[in-house]
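>
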Amino acid sequence: MKAESVSPEELQLWLAGYVLGDLSPEEADRLEAVLKLRPELQQELQALQQTLERAYGVEEKQPPPALRASLLQAYTEPAPKPLSTTIQGSPRWRGLAALAAGLIVALGLGNLYLWRRLQLAQTQGIPVEVVTYELQPTAENVTGSVTVEVDPQRLQGRLVARGLPPLPEGRVYALWVVLEPEAPFTKDRAGAILTTAFRVDAAGNQEQELRLPPVFASTEWVRAVAITEEDGSRPQEHQGSPLWISG
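As structure tokens, then:
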């Protein structure tokens, strides 16, 4: 196996699996093969675990003993010289530790697990299952309705708003995902994450594609989807109350 044939994306996935301790046997074998060619990656693995521990104060999670022993053995074995000289200066490998560490710091332990689940689902070709949230008015004087379609695998979605009251200049509608209290994600004081801000046309309609936060990869953490009215310059402050919310 040539190290050059492994993409940075694949290696990031394996590094995440190592930190989480859930590498599949096939992934462990492939990572072991890469370590034999690039033994310095063992130091990067250790650095990634330390990065997670420092950033989030969580206990370092070791991989299963058999896997760790196998990888350590690969680390101590000398790399084949002909191959090592071939890949020594490859730009594909430069900064890989920084990229993977940045991924861990950005996602955290809970989100890292969901990110890995998402990547595995995409590579395994699992059929797409769209989840639909029907948002209804929270009061009799609020008109219109909103539908949000979610693709949990690709973290993509679509918003369709119909008959919402047009807003004055400087005001926007904000789409929120409201999380379960125990959800392992960073959320605001209302227990929500801002998904997008949008406006409607004169008829109160709007359709747009969505890039969804990682929580939608595991919808059991989603309590509801809601829309509030917010200041257009700082919708993330979440000052408004829900005007439409899913059941």
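Residue numbers (the numbering used here): 5 to 251. Think of the CB as a built atom: it goes at the ideal place given N, C-alpha and C, for glycine as much as any other residue.
(1) Classify Val152 as helix, strand or coil using the three-state DSSP reduction.
(2) Given a threshold of 16 other Cβ atoms within 10 Å of its Cβ, counted over all protein chains shown, does Leu71 qualify as buried or as exposed?
(3) According to DSSP, is Thr89 part of a helix, a strand, or is it coil?
(4) Assign Ala230 to buried or exposed, taking buried as 16 or more other Cβ atoms, counted over all protein chains shown, within 10 Å of its Cβ.
(5) What is the residue span of the beta strand (DSSP E) that Glu241 lies within?
(6) How far does the alpha helix (DSSP H) with Val181 in it extend, from its first residue to its last?
(7) Check this for me: beta carbons of Ala196 and Trp180, under 7 Å apart or not?
(8) With a cut-off of 8 Å on the beta carbons, I'd call Leu214 and Arg158 a contact; round off their distance for me.
(9) So Val182 and Val154 are in contact, right, with Cβ under 8 Å, and what is the actual spacing, rounded?
(10) For a test of the three-state rule: what should DSSP assign to Arg98, helix, strand or coil?
(11) Can you look up Ala37 in the DSSP assignment and give me helix, strand or coil?
Judging by the given coordinates:
(1) strand
(2) Confidence in Leu71 is poor, its pLDDT being 48 and thus under 50, which makes the residue's placement too unreliable to answer from.
(3) Low local confidence applies: a pLDDT of 31 at Thr89 is under 50, so the model's placement there is unreliable, with the coordinate-based value given in what follows. Three-state result, Thr89: helix.
(4) buried
(5) Run containing Glu241: none; DSSP gives neither H nor E here.
(6) Counting along the chain, Val181 falls outside any alpha helix (DSSP H), though it belongs to the beta strand (DSSP E) covering Arg175 to Leu183.
(7) yes
(8) Contact flag wrong, Cβ pair sits at about 11 Å.
(9) No, Val182 and Val154 are not in contact; Cβ-Cβ is about 14 Å, not under 8 Å.
(10) With a pLDDT of 41 at Arg98, under the threshold of 50, the modelled position of that residue is not reliable, and the figure given next carries that caveat. Of the three classes helix, strand and coil, the one that applies to Arg98 here is coil, per DSSP.
(11) helix
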